[in-house]
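The block underneath contains the structure these notes are about, expressed in structure tokens.
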Amino acid sequence: MRRTAVAIGVLITIVMASTAVRFAVDGPNILAGTTPRDDVFAQRYIAHPWLAYLHIAPGVVYLLGAPLQLSRRFRTRHYDVHRRLGRVLLVCALVSGLFALLFGVPYAWGGASEAIATVVFGCWFLACLVLAFRAIRRDDVRQHRRWMIRAFAVAVGIGTIRIWAAIFESVEQAVSGGTTSEALDPTMFGIAFWLAFTMHVAVGEWWLRRTPALTG
34 MRRTAVAIGV LITIVMASTA VRFAVDGPNI LAGTTPRDDV FAQRYIAHPW
84 LAYLHIAPGV VYLLGAPLQL SRRFRTRHYD VHRRLGRVLL VCALVSGLFA
134 LLFGVPYAWG GASEAIATVV FGCWFLACLV LAFRAIRRDD VRQHRRWMIR
184 AFAVAVGIGT IRIWAAIFES VEQAVSGGTT SEALDPTMFG IAFWLAFTMH
234 VAVGEWWLRR TPALTG
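Just so you know, we're using this note's numbering here: the sequence shown kicks off at 34 and counts up by one.
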């Protein structure tokens with residue numbers, strides 16, 4: 034459990050750091066109405082800020098609150114807070130997931146590969162949330178928790194995408210001798226999506242099978 038918590042903490046920290054960088058790059062340009070010509074990756078965020086940040090902002094809230102919600106100790110000691118916070122986080126997650134599709138599909142940096150991955154895993158994320166909500170409405174706490182764990186597992190995969198992207202970028206720079214013009218080849222970014230999200234869905238299922246007593 035401690036290793037799992039540490040791994041989750043590392044991934045969330047990566048997401049928060051990436052988000053902070055995103056804000057730092059996009060904010061001044063959005064306010065000034067300018068577009069950085071030398072940063073093609075950032076251009077889509079600046080050109081479509083509402084779509085981008087209606088995905089990012091509620092997603093950050095969800096990622097920060099979800100670990101607390103999944104804590105048995107917190108749920109037991111503060112059940113009323115757990116229920117109220119759960120409603121807020123569910124809305125945040127649904128909004129973030131919906132805008133992941135609306136922004137990530139038509140403006141995918143990684144092309145068709147990233148767009149398809151966004152559809153597949155975005156729909157899986159939304160389906161997990163809906164099934165978790167239906168389960169708790171039936172007072173089926175065990176299934177509610179299992180579906181929420183699945184949703185969180187795929188959501189925190191955003192951090193692993195950044196890890197794969199960094200690995201691919203390092204390999205590209207090493208192979209080219211540091212002469213590549215792009216930060217990361219778009220095709221490799223799409224592959225990073227598939228690797229990260231597939232890993233997280235698989236690990237989530239493995240964890241549920243390995244620790245059934247902890248998911249009730």
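Virtual Cβ for every residue (Gly too), placed ideally from N, Cα, C.
Remark: three or more beta-carbon pairs, one from each stretch, lie closer than 8 Å, so the region 35–55 and the region 186–196 are flagged as touching. Listed in chain order, the non-local C-beta contacts of residue 180 below 7 Å within the same chain comprise 161, 164, 165, 168, local neighbours out to five positions each way being set aside.
Collapsing the DSSP output to three states places residue 148 in a helix. About 5 Å separates the CB atoms of residue 128 and residue 91; that is less than 8 Å, so the two are in contact.
If one requires a minimum length of 4 residues, the alpha helix (DSSP H) runs lying completely within the region 74–147 are 82–102, 105–110, 112–137, in chain order.
By the criterion of a C-beta distance shorter than 8 Å, residue 144 is surrounded in its chain by 219, 220, 223, once the five residues flanking it on both sides are discounted. Rounded to the nearest whole angstrom, the C-alpha separation of residue 106 and residue 115 is 11 Å.
In the three-state reduction of the DSSP assignment, residue 66 falls in the coil class. Per DSSP, residue 171 is not a residue of any alpha helix (DSSP H), being assigned neither H nor E. Residue 218 sits in coil when the DSSP states are folded into three classes, being neither helix nor strand. Residue 112 counts as exposed, since fewer than 16 other C-beta atoms from the protein chains shown sit within 10 angstroms of its C-beta. Distance from the Cα of residue 159 is smallest, within the candidate group 139, 185, 176, 178, for 185. With a 10 Å radius around the Cβ and a threshold of 16 neighbouring Cβ atoms, residue 150 comes out buried. Between residue 188 and residue 78, the gap from beta carbon to beta carbon reaches 8 Å or more. When DSSP states are grouped into helix, strand and coil, residue 58 belongs to the helix group. Cβ contact annotation for residue 154 (same chain, cutoff 6 Å, sequence separation greater than five): 187, 230, in chain order.
Residue 204 carries a helical assignment under DSSP once its states are collapsed to helix, strand and coil. Separation of residue 225 and residue 109 (C-alpha to C-alpha, rounded to the nearest whole angstrom) is 38 Å.
Taking the CA atoms as reference points, residue 41 sits about 10 Å from residue 47. The straight-line gap separating the alpha-carbon atoms of residue 58 and residue 80 is approximately 13 Å. Residue 121 has its alpha-carbon roughly 17 Å from the corresponding atom of residue 104.
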